[in-house]
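This report concerns only the one structure given below.
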Amino acid sequence: MSTPGAVELDALALGSGLLGGLALFLFGMDVLTRAMRQLAGDALRAWLARMTANRFVGLVAGAVLTALVQSSSITTVLLVGFVSAGLMSTAQTVAIILGANIGTTITAQILAFKPTAPALPMLAAGYFAALVARRGRPAEWGRVFLGLGMLFLGMNVMSEAVAPLRDYPSFLEAMTRLDSPLPALLLGAGFTALVQSSSATTGILIVMAGEGLLALEPAIAMILGANVGTCVTALLAAIGKPRAAVRTALIHTLFNLAGALLWLGFIPELAAAARWMSPVHPELTGAARAAAEVPRQLANVHTLFNLANAAIFIWFTPQLARLVERLLPDRPEQSVPGAEPRHLDPQLLGVPPIALDAVRREIARLAGMVRALFAECLNVVISGSPDDLERLHVMDRPVDLLHRAILDYLRRLGQRDLTPEQGAAQLSLARIANDLEHIGDLISVGMVRTGQKRIEEEVVISQATAELIGGLHGRILAAFDEVIAALEGQDIDRAEAARRMRSDIGALVDEIARHEELRLRADAPRRLTTYAREIEITEALDDIFRILQRIALTELALFRGQAPARTRPEDEEEEAPATAPPAG
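For the sequence shown, the tail end lands on 584 under the UniProt record's numbering, and the numbers increase by one without skipping.
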């Protein structure tokens with residue numbers, strides 16, 4: 001039985017309004033984030049990878065990136081991917097993570113203005129812009145407005161849903177129990193971990209503060225908790241990744257946890273600072289004044305303590321990196337013969353010209369390993385056993401490990417003060433190493449799979465066809481030798497010789513194509529299946545030669561002190577090879 005004067009609460013309307021508004025908010029945030037990431041593109045990722053010259057530049061980079069993509073979790077997940085790929089070290093990510101927490105406060109600042117009036121116009125404009133443009137940057141900008149409109153509309157729906165709680169005594173009594181900071185912090189952390197969006201938590205807190213339902217002090221504690229709960233996304237992204245990537249997620253967690261615990265005992269001081277720096281409304285009184293002032297105070301305190309955290313912790317980034325390396329040491333990897341670098345001495349990094357020469361010699365050794373893999377591949381793919389194919393696959397393991405070590409060394413070298421010519425050489429060497437590793441993958445994955453299909457389908461490749469393909473393989477092996485000799489001796493003539501082999505290789509590919517056309521007409525068992533496998537082998541060899549041509553082109557740029565060309569050899573004007581009939 002209700003007491004006189006008590007307000008009857010429609011729990012269904014409250015629940016559906018709050019959950020529906022939250023769903024709109026989260027969906028709008030997702031649309032907005034996806035659109036901003038598309039607009040930023042791969043160039044932004046490359047920019048982030050370069051903006052690590054020092055900790056302060058990294059701090060700015062993290063703040064700018066997160067302000068653009070509207071998600072500190074997205075930034076941290078990107079960093080996990082960078083570290084996993086060997087493009088960044090764990091230490092480089094620390095300052096960027098500090099900056100990411102600053103960038104994410106932009107969302108709260110926007111929401112504190114309560115921009116509900118433009119929600120529907122933004123929805124309409126964004127939807128029709130995306131509908132008309134369909135694709136490209138105009139469509140993505142339309143989705144930006146669509147996402148913002150849904151985000152603001154969700155805020156409005158939640159605000160209207162919780163408004164009746166102002167007159168509900170039981171709820172107001174429950175809110176007084178949040179005066180203790182620790183339960184409020186845990187509540188904020190738990191809710192944020194559940195929805196995986198600190199912006200959603202902040203949005204709900206601003207809505208409740210705007211309706212006069214939440215005082216500033218408990219709201220600050222809950223925002224501190226939201227900073228901790230948002231780390232769950234990065235921790236999930238790090239599952240199954242290398243130790244270095246897991247360390248990045250751990251840094252994010254430790255930093256946010258330390259920052260929250262640091263300020264937990266200073267919530268009254270934070271609240272006082274927020275009130276001092278925020279606009280006041282003396283014309284209002286009571287709950288109306290709190291509803292007008294607290295949302296802006298909440299957004300400002302969110303920015304304030306993240307700026308303060310960054311200002312404190314930016315001086316301890318090396319120590320934090322060493323701490324997580326002790327907490328998560330590298331797993332001892334089983335030694336793989338040939339995978340250890342021989343020339344990449346860290347002491348040489350202070351002398352870039354010598355370090356670049358050491359990398360060139362190490363890449364020449366990598367090229368020799370890939371050449372050995374290529375020399376072995378044809379006989380195994382055409383007539384080898386399953387054990388032979390497995391051995392060929394395993395032969396690529398040291399190639400992958402040495403390639404990773406070379407890229408890591410080049411990354412560390414790139415942190416030095418390089419001249420434009422040295423920067424161009426660094427880029428050329430990285431491109432050659434990547435192309436060699438690509439050849440290894442084409443053999444150990446693509447050609448091995450062709451060999452497995454040949455065994456499964458009981459295909460027998462004729463002696464005549466094997467000899468033709470063997471001739472092509474031999475000429476490509478000769479091109480390999482020219483490329484390696486050019487790299488070892490910095491010999492422009494040998495690189496040019498490899499480039500001049502295009503016409504010879506093209507003629508051999510044409511000859512095989514004509515042979516296959518004739519063979520396709522023959523009435524023989526499994527003729528179509530055999531044809532498909534033979535064409536796969538020929539195309540794989542041709543692909544490998546094209547990569548060798550690209551390496552030779554990059555070598556020429558390297559030896560001439562030029563930046564590597566952007567065009568690939570197949571993009572240049574040359575006689576187009578004959579095309580074989582579809583493999584079917």
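Don't be surprised by glycine CBs; every beta carbon is placed ideally from N, CA and C.
- For F313, the three-state secondary structure derived from DSSP is helix.
- Assignment of M501 by DSSP, reduced to helix, strand and coil, places it in the coil class.
- In terms of Cβ geometry, I476 and G368 do not form a close pair [threshold 9 Å].
- With a beta-carbon spacing of about 15 Å, G265 and G225 fall beyond the 8 Å limit used to define contacts.
- The beta carbons of M222 and L257 sit no closer together than 9 Å.
- In this structure, Q92 and G58 form a Cβ contact; the two beta carbons are roughly 7 Å apart against a cut-off of 8 Å.
- Around the beta-carbon of D345, fewer than 16 other beta-carbon atoms lie within 10 Å, marking it exposed.
- A Cβ-Cβ separation of about 18 Å leaves L548 out of contact with I512 under the 8 Å criterion.
- The beta-carbon distance between L366 and L410, rounded to whole angstroms, is 12 Å. This is too long to meet the 8 Å contact definition.
- According to the DSSP assignment, Q452 belongs to the alpha helix (DSSP H) that extends over V448 to E456.
- The three-state secondary structure of V280, taken from DSSP, is coil.
- For the options T253, L427, V228 and V301, the alpha carbon positioned closest to that of W276 is the one of V301.
- Boundaries cannot be given for F266, as no alpha helix (DSSP H) includes it and DSSP labels it neither H nor E.
- Excluding residues up to 5 positions away in sequence, A495 lie with their Cβ nearer than 6 Å to the Cβ of L556 in the same chain.
- The region 228-237 and the region 298-317 do not touch, with fewer than three beta-carbon pairs separated by less than 8 Å.
- If you check the CB distance, D481 and F559 do not come in under 9 Å.
- DSSP places G212 outside both helix and strand once states are collapsed to three, so it counts as coil.
- Leaving aside the five residues that flank A321 on each side, the residues in its chain whose CB is nearer than 7 Å to its CB run, in chain order, T90, A91 and V94.
- Shown here for Q109: same chain residues with a beta carbon closer than 6 Å to its own, the five before and five after excluded, namely A299 in chain order.
- Nearest C-alpha to A271 among R296, T253 and I251: R296.
- With a threshold of 16 other beta carbon atoms within 10 Å, H281 falls short and is exposed.
- Contact check for V380 against R391 passes: the beta carbons are separated by less than 9 Å.
- Across the structure, D357 and S428 are spaced so that their CA atoms are roughly 12 Å apart.
- Rounded to the nearest angstrom, the Cβ distance from A35 to E140 is 5 Å, consistent with a contact under 8 Å.
- Ranking M447, L123 and L205 by CA distance to the CA of I382 puts M447 first.
- When the Cα atoms are used, D504 and A498 turn out to be separated by approximately 11 Å.
- Judged by DSSP in its simplified three-state form, S199 adopts helix.
- Rounded to whole angstroms, the separation of the alpha carbons of E517 and I535 is 11 Å.
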